[in-house]
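Visitor: Below is one structure. I have some questions about it.
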Amino acid sequence: MKKSKFEIICSKILSGDSLQKALNTWRFYEKKIVFTNGCFDLLHYGHVEYLSKAKDLGDVLIVGMNTDSSVKRLKGNHRPLQDENSRATILASLQFIDAVVLFDEETPYNLISLIRPNILVKGSDYKPEQIVGYDILKSYNGEVRTIDFVPGYSTSSIEEKIKKG
Numbered sequence: 004m005k006k007s008k009f010e011i012i013c014s015k016i017l018s019g020d021s022l023q024k025a026l027n028t029w030r031f032y033e034k035k036i037v038f039t040n041g042c043f044d045l046l047h048y049g050h051v052e053y054l055s056k057a058k059d060l061g062d063v064l065i066v067g068m069n070t071d072s073s074v075k076r077l078k079g080n081h082r083p084l085q086d087e088n089s090r091a092t093i094l095a096s097l098q099f100i101d102a103v104v105l106f107d108e109e110t111p112y113n114l115i116s117l118i119r120p121n122i123l124v125k126g127s128d129y130k131p132e133q134i135v136g137y138d139i140l141k142s143y144n145g146e147v148r149t150i151d152f153v154p155g156y157s158t159s160s161i162e163e164k165i166k167k168g
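According to my numbering, the sequence shown is numbered sequentially starting from 4.
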């Protein structure tokens, strides 16, 4: 039976065995795996441009996404604005994202260690050496890259606009 579009989107949210199976398949076909992460509380233009540029660096884009409890610890009790299921489903609906993986820690260090991507990407507000997982990628000659953010786009600025009316 043919899967619905929504089922296909939801099938891109991976964990445990499904993540390992996908990684094994991508590695078998020698796909270049790119990893990035974030809260992605309110998906906006800046996120879409950043994520699409990340995908341009390889064949497979895996996005690590903070769980609700992780976002609360990082951003405070007023966040996230959307629950983790909503955020993950919205990310998975983007055609250039191949997988969304939730993590509950404050950083994706353990997830990066598990995935062992070819390329690790973060925003250019970080120096590569400051990026969580830098040491992991350097241990096997992986690449750490930064991408410039689109000025004027952030979830915090959108949240402030909403509060001001």
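Even glycine gets a Cβ: it sits at the ideal position worked out from N, Cα and C.
Using three-state DSSP, classify V135 as helix, strand or coil.
Guide: coil
Visitor: Measuring only the C-alpha atoms, how far is N69 from E108?
Guide: 8 Å
Visitor: Which of the three DSSP states is assigned to R148 in this structure?
Guide: Annotated three-state conformation of R148 is strand, per DSSP.
Visitor: Counting Cβ pairs closer than 8 Å, one from the segment 121-133 and one from the segment 21-33, do we hit at least three?
Guide: no
Visitor: So what does DSSP say about K167, is it helix, strand or coil?
Guide: helix
Visitor: Does F31 come out as helix, strand or coil in the three-state DSSP assignment?
Guide: helix
Visitor: Flag this pair as yes or no: are the beta carbons of L64 and V37 separated by less than 9 Å?
Guide: yes
Visitor: Kindly indicate which three-state DSSP category L22 falls into: helix, strand or coil?
Guide: helix
Visitor: In whole angstroms, what separates the C-alpha of Y137 from that of M4?
Guide: 43 Å
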